[in-house]
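In the numbering used here, the protein residues as written are 976 to 1179.
Below is one structure, written out as structure tokens, with a few remarks after it.
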Amino acid sequence: MHDLEKMIEKYRQELVEFSMQSPLADEAVFKEERSENVAPAMASALPFMSDVGANEEPETYKNYEDFENKNPSKGSMRVQVTSGGRSFPIINAIVKVRIPLDTGDREIFSGYTDINGVVDNIVLPAPDSSISLDENNSTVPPFAVYEVTVTHPDFAKSEFFNVPVFANIKAIQPARLVPLTETGEEPGTVTIPEQAMGLFGGDV
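This is the structure:
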């Protein structure tokens, strides 16, 4: 197995282990997905990934047609919305997923969290999985990037940028909302800073 393939496999294994640390990772929530590829959406949480592609800009798309051409496959996303140190699921939070385009962001999904604070099985376009296994690829990221916004009348809005979605893998995006009474202002917004998400930097 080539070094690149080993890196991808290690990445997927570590993401699966990391995702099981969720407060909702009980048998009822994960019963149907233990056999799937499941990954948290924060690639920078993995130490061995932290410096890879750190100097590269995230993927950008000129327009929706350009986005479709670069992302012919499908991945999926689960958004888990909680408060109180991930202890309490938030019901009926509005989750919106957008595509960052040069012509302006385009909303691709909008939905409400269920009794577990979860919006699940959000199917999203992603690049072909073969890009991950191309040892000669040093420029094209093997994931699509999205922006996720979570709102609820009783909590400050949270925004997440450069959320990666891989083909045939379910991304897990935790969203920990802060009650408006704790922000000192109303309404409030908690913005998650952009992160370097490139997988193929100059050192690979």
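Ideal Cβ placement from N, Cα and C applies to all residues, glycine included.
Keep in mind the model is a prediction, meaning the values are calculated, not measured.
Less than 9 angstroms separates the beta-carbon of Gly-1050 from that of Val-1140. The beta carbon of Phe-1042 sits closer than 6 angstroms to those of Tyr-1036, Ile-1074, all from its chain and outside the five residues before and after it, given in chain order.
Relative to the Cα of Ile-1097, the nearest Cα in the group Asp-1109, Pro-1116, Ile-1106, Val-1070 belongs to Val-1070.
Put simply, of Ser-1048, Pro-1047, Glu-1040, Ser-1058 the residue whose alpha carbon is nearest the alpha carbon of Leu-1152 is Ser-1058. With a cutoff of 9 angstroms on beta-carbon distance, Thr-1088 and Ala-1101 are scored as not near each other. Residues of the same chain with a CB within less than 8 angstroms of the CB of Ile-1090, apart from the 5 flanking positions on each side, are Pro-1064, Ile-1066 in chain order. Closest in C-alpha terms to Val-1056, from the list Ser-1113, Lys-1132, Thr-1078, Ser-1107, comes Lys-1132. The closest CA to that of Ser-1048, considering only Ile-1106, Thr-1114, Gly-1092, is found on Ile-1106.
For Lys-1045, the enclosing alpha helix (DSSP H) begins and ends at 1039 to 1045. The C-alpha of Ile-1147 lies about 10 angstroms from the C-alpha of Val-1093.
Inter-residue distance for Ser-1062 and Asn-1111 is about 44 angstroms (C-alpha atoms, whole angstroms).
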